[in-house]
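S.K.: For reference, the structure I am asking about is given below.
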Amino acid sequence: MSLFSSFFGRGNKTSAPVARDRLQILLAHERTGEASESDLLSKLHAEILEVIKKHIPVDQDKVQVKLDRGNSVSMLEIDIEVPQLKSSRRS
Amino acid sequence: MAKVLVVTSGKGGVGKTTSTAALGAALAQTGQNVVVVDFDVGLRNLDLVMGAERRVVFDLINVIQGDAKLSQALIRDKRIETLSILPASQTRDKDALTAEGVARVMQELREKFDWVICDSPAGIERGAQLAMYHADYAIVVTNPEVSSVRDSDRIIGMLDSTTEKAKGGGKVEKHLLLTRYDPARAARGEMLRIEDVLEILSIPLLGIIPESEEVLRASNLGAPVTLSSPDSPPARAYAEAARRLEGEKLEVTVPTERKGLFARLFKGRN
Chain Y
1231 MSLFSSFFGR GNKTSAPVAR DRLQILLAHE RTGEASESDL LSKLHAEILE
1281 VIKKHIPVDQ DKVQVKLDRG NSVSMLEIDI EVPQLKSSRR S
Chain F
45 MAKVLVVTSG KGGVGKTTST AALGAALAQT GQNVVVVDFD VGLRNLDLVM
95 GAERRVVFDL INVIQGDAKL SQALIRDKRI ETLSILPASQ TRDKDALTAE
145 GVARVMQELR EKFDWVICDS PAGIERGAQL AMYHADYAIV VTNPEVSSVR
195 DSDRIIGMLD STTEKAKGGG KVEKHLLLTR YDPARAARGE MLRIEDVLEI
245 LSIPLLGIIP ESEEVLRASN LGAPVTLSSP DSPPARAYAE AARRLEGEKL
295 EVTVPTERKG LFARLFKGRN
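Here the protein sequences come in this chain order: Y and F. Per my numbering, the first sequence starts with residue 1231, numbered consecutively. Per my numbering, the second sequence starts with residue 45, numbered consecutively.
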């Protein structure tokens, strides 16, 4: 922010409305059972790992489950790092 | 019939202890018998803010464990006769608080005083839960800032579910105390507006305490701000909040911008 705009209060967008909107989205989610949501993520993490382990040896730490909560749509992102598979074992 | 009030917030550093001291003193000045109870076991500070740190002999844990009688642990304020403080222990941790022990002490305090004001520790664990458990009223201290509002929302949820009142099918009466409010920054859109915080938390407003250097000065001196500088804006706001707690119907005073000379020159009258 330049000295000029700080004197006259122009030239920069106000941050308070952004704070309000972020809080409204966040709290709407948290009030509907934040605990069950984090439970859900750890359950997903464990079960996905189980399934994959049946077929491929994967490291516990190499499975990332992420959730990005939006206003209308939430994105569930599952990122699994798989070790190099030996081609000879392929049928 | 005594009223038990918890001053809580979830987040630390928002002004729980300052508010406990200021409201306790303001209520006591109207002739009510008031005790302020420090629940922050291990990190006691209410004694310091009230200027009673050198008079602590026994504490809440001593009373809970039966090492001292309640009357031995209570410290009478030197400025206001009707104000007492029950300090927390500095050496123990929160595990020394037992649910039964707290219940017994609270019952005894209810018999002795008109107001029992419990200064909750930060967080949502045992100490905070026990501080709010017996409350009839809750003052949720909130700064106009995202993390404080979020934590207050969480605390409001706990007040509605894990308190004695809530478990008995009743409700803890909740009030919002907005502290460290800076009207100039709010006017510039740099700080959450009062209406925004009220809409998000949707509990009734008890008062708005403006950000002020008088608050630090008061804690430096070891006196509640309502006593150290009673005419200052934060002290007036606390005194007003105390009257509202006593049931008076008062419009909440919204702090206004105190313009410097420079701003006045540029913006003219306001």
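In this text, a Cβ means the ideal position worked out from N, Cα and C, and glycines have one as well. Remember, predicted model here, so these are calculated numbers, not experimental data.
Going by C-alpha to C-alpha distance, which of F:45, F:109, F:197 and F:76 sits closest to residue 124 (chain F)?
M.R.: Mapped onto the second sequence, residue 124 (chain F) falls at position 80. Among F:45, F:109, F:197 and F:76, the Cα nearest to that of residue 124 (chain F) is on F:76.
S.K.: So what does residue 49 (chain F) bridge to, in DSSP terms?
M.R.: Taking the first residue of the second sequence as position 1, residue 49 (chain F) is located at position 5. Its beta-bridge partners are F:161 and F:181.
S.K.: When the Cβ atoms of the stretch 96 to 116 of chain F are set against those of the stretch 279 to 297 of chain F, are three or more pairs found closer than 8 angstroms?
M.R.: No: the two stretches stay apart, fewer than three of their Cβ pairs being nearer than 8 angstroms.
S.K.: Can a CB atom of chain Y be found closer than 7 angstroms to the CB of residue 249 (chain F)?
M.R.: As a first step, residue 249 (chain F) must be located in the second sequence, where it is residue number 205. No, residue 249 (chain F) lies away from the interface with chain Y (no Cβ there is under 7 angstroms from its Cβ).
S.K.: Would you mind stating whether residue 1296 (chain Y) and residue 1307 (chain Y) have Cβ atoms separated by less than 7 angstroms?
M.R.: Looking up residue 1296 (chain Y) in the first sequence gives position 66. Looking up residue 1307 (chain Y) in the first sequence gives position 77. Yes, these two residues count as a Cβ contact at 7 angstroms.
S.K.: Going straight from the alpha carbon of residue 1241 (chain Y) to that of residue 240 (chain F), what length do you get?
M.R.: Against the first sequence, residue 1241 (chain Y) aligns to sequence position 11. Against the second sequence, residue 240 (chain F) aligns to sequence position 196. A caution first: residue 1241 (chain Y) carries a pLDDT of 48, below 50, which makes its placement in the model unreliable, though a value can still be read off. Taking the straight line from one Cα to the other gives about 23 angstroms.
S.K.: Tell me the DSSP secondary structure of residue 109 (chain F) in three-state form.
M.R.: Locating residue 109 (chain F) in the second sequence gives position 65, where the first residue counts as 1. Correct three-state label for residue 109 (chain F): coil.
S.K.: Give the list of continuous alpha helix (DSSP H) stretches no shorter than 4 residues that lie fully inside the stretch 52 to 118 of chain F.
M.R.: Runs of the alpha helix (DSSP H) inside the stretch 52 to 118 of chain F: 60 to 73, 90 to 93, 104 to 108 and 114 to 117.
S.K.: Would you list, in chain order, the members of the stretch 1251 to 1283 of chain Y that have their beta-carbon closer than 8 angstroms to a beta-carbon of chain F?
M.R.: Taking 8 angstroms as the Cβ-Cβ cut-off against chain F, the residues of the stretch 1251 to 1283 of chain Y that qualify are 1252, 1253, 1254, 1256, 1257, 1260 and 1261.
S.K.: Along chain F, in chain order, which residues have C-beta atoms closer than 9 angstroms to that of residue 1245 (chain Y)?
M.R.: Here residue 1245 (chain Y) refers to the residue found at position 15 of the first sequence. 233, 234 and 235, listed in chain order.
S.K.: Run down chain Y in chain order and give the residues with a C-beta less than 8 angstroms from the C-beta of residue 146 (chain F).
M.R.: Sequence index remark: in the second sequence, residue 146 (chain F) carries index 102 (1-based). Within chain Y, no residue comes near residue 146 (chain F); the closest Cβ sits about 25 angstroms away, beyond 8 angstroms.
S.K.: Is residue 134 (chain F) near the ligand NAP - that is, is its Cβ less than 6 angstroms away from at least one heavy atom of it?
M.R.: This structure lacks the ligand NAP, and indeed carries no ligand of any kind.
S.K.: Is it buried or exposed for residue 176 (chain F), if we count other Cβ within 10 angstroms and need 16 for buried?
M.R.: Working through the second sequence from its first residue, we reach residue 176 (chain F) at position 132. Looking at its Cβ environment, which holds 16 or more other Cβ atoms inside 10 Å, residue 176 (chain F) is buried.
S.K.: So for residue 123 (chain F), helix, strand or coil by DSSP?
M.R.: Counting from one through the second sequence, the residue named residue 123 (chain F) turns up at place 79. Note: residue 123 (chain F) maps to coil in three-state DSSP.
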